[in-house]
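If you want this note's numbering, it's the position in the sequence shown, counting the first as 1, plus 16.
Below is one structure, written out as C-alpha cells, with a few remarks after it.
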Amino acid sequence: MDFKLDRVIAPVFVFLWSTGFIIAKLAMPYVEPATFLFWRFCGVLVVMALLNCVWRIVWPSKEQMKHIAIAGAFLQFGYVFGVWSAVRLGMGAGLVSIMVGLQPILTAWFASWISEKVHPKQWIGLVFGFSGVALVVAEKIGFAHIPFTSYLFALGALFSITFGTLYQKKHCPVFDLRAGSAIQFGISAFLAFWVMYFFESSEMVWNFSVIAALFWAVIPLSIGSISLLFMMIRKGAATKVTSLLYLTPPTTAAIAWLMFDEPFNVLMILGLALTMTGVVLVNSGKANTVPSVAE
C-alpha cells in the first residue's frame, strides 16, 4: 500500500508544483502581480491558522525565525513576484519555467565555488543548461516579441530563488516545514502589501479566472504541495524531492501548450532536454537536500 501511495504522491506533487506558472498566465491579465500575491499569501495564512488547530507545529527559535524570514523574502516573494511579473509583461508560462529551471544549476555552481572544486562534469552540465535555455529563448523570439523587462524579471526570479536557497541551506536547513512556511508566507504578505501600496493600483477584477487562480494558489498549490512534500519527507523520500522538481519545466510547458496553445515545437523540446540534462549533470553525485518551499 505504501509503495502504491508513493507512486501517486510524486506525480501529483510535480503537477501541483508546475501549475504555479499556469495560474500566473491565467490571472495576470486581470490583476497586478503584488496585488494578487498579497491576497494569495493572506489566504494561505488564514488556512494555515485554521489547520494549526489540528497540526502540532514545532516553532523555531527567534534567531532561526529571522533566518527563515530572510530566506522566505527571496524564496517566496522575490521569486514568485519575478515569475508573475515576467508573465504579466508577455513571457509564456513555459519559457519562464524553463528559465527558472536553471536554479539547481546555479545553486550547485555557486555552492561549489564556495565549498569545493567545480568538477568537469558540472561545467559540462552548466554549458548544457544555459545552451538549452538560449535555444528555447531564441525560438520563442521567433514567435512573439517579449519585452526585455520580462527577461529581467525572470532572471531576477532565478537569482532570488538561488540566493534564498543558498541562504536557507546555510542558516536554517532544518525546521518544521509548516512553521517555516507560515513564517515565509507572512513576510511575503508584508512585502507584497508595500509593493502593492506604492507601485500598483491595488485593483483586482473579480472574474472566474482570477477567483479560480486564487483558490488554486491557496489550497492545492500552497497547502496541497506543502502537505505532499511533508508526507514524502516523513516517508523518507526527502532525497528524491529535488530530482522530482527537474520535471517541472517540461510539465509546465506541456500544460501551457494544452491550455494556452503556447508554441512547443521540436527545437524547444531539444532546448528543454538540454536544460534538464544540464541540471542532472550538475547535481549528479551530490547529496540532495530538501528543496525550499517556494511556489
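Note that beta-carbon positions come from the ideal geometry of N, C-alpha and C, so glycine has one too.
Item, Value
"What does DSSP give as the partner residue(s) for Met220 in the beta ladder?", "Val47"
"If you measure between the beta carbons of Leu118 and Gly145, is that distance less than 8 Å?", "yes"
"Would you call the segment 60-76 in contact with the segment 168-183, where contact means no fewer than 3 C-beta pairs closer than 8 Å?", "no"
"In angstroms with no decimal places, state the Cα-to-Cα distance between Leu274 and Glu79.", "46 Å"
"Suppose you measure from the CA of Leu263 to the CA of Val30; what does that come to, to the nearest Å?", "7 Å"
"Please confirm whether Val116 and Leu174 have their CB atoms less than 8 Å apart.", "yes"
"Report, in whole angstroms, the separation of the C-beta atoms of Phe54 and Ala43, which I expect to be a contact under 8 Å.", "Actually they are not in contact, since the Cβ atoms of Phe54 and Ala43 sit about 13 Å apart, beyond 8 Å."
"Give every residue of the same chain whose Cβ lies closer than 8 Å to the Cβ of Ser61, excluding the five residues on either side of it in the sequence, and list them in chain order.", "Looking at the sequence provided, one finds Leu at residue 61 rather than Ser. The residues are Ala198, Phe201, Gly202 and Ala205."
"For Trp125 and His187, what's the separation of their Cα atoms in angstroms?", "19 Å"
"Taking the C-alpha atoms as reference points, what is the distance between Ala150 and Trp139?", "16 Å"
"With H, G and I counted as helix, E and B as strand and the rest as coil, what does DSSP make of Thr106?", "Before going on, a small fix: residue 106 reads as Gly here, not Thr. The answer is coil: DSSP assigns Gly106 none of H, G, I, E or B."
"With distances taken between CB atoms, is the gap from Phe169 to Ser218 smaller than 8 Å?", "no"
"Would DSSP call Pro27 helix, strand or coil?", "helix"
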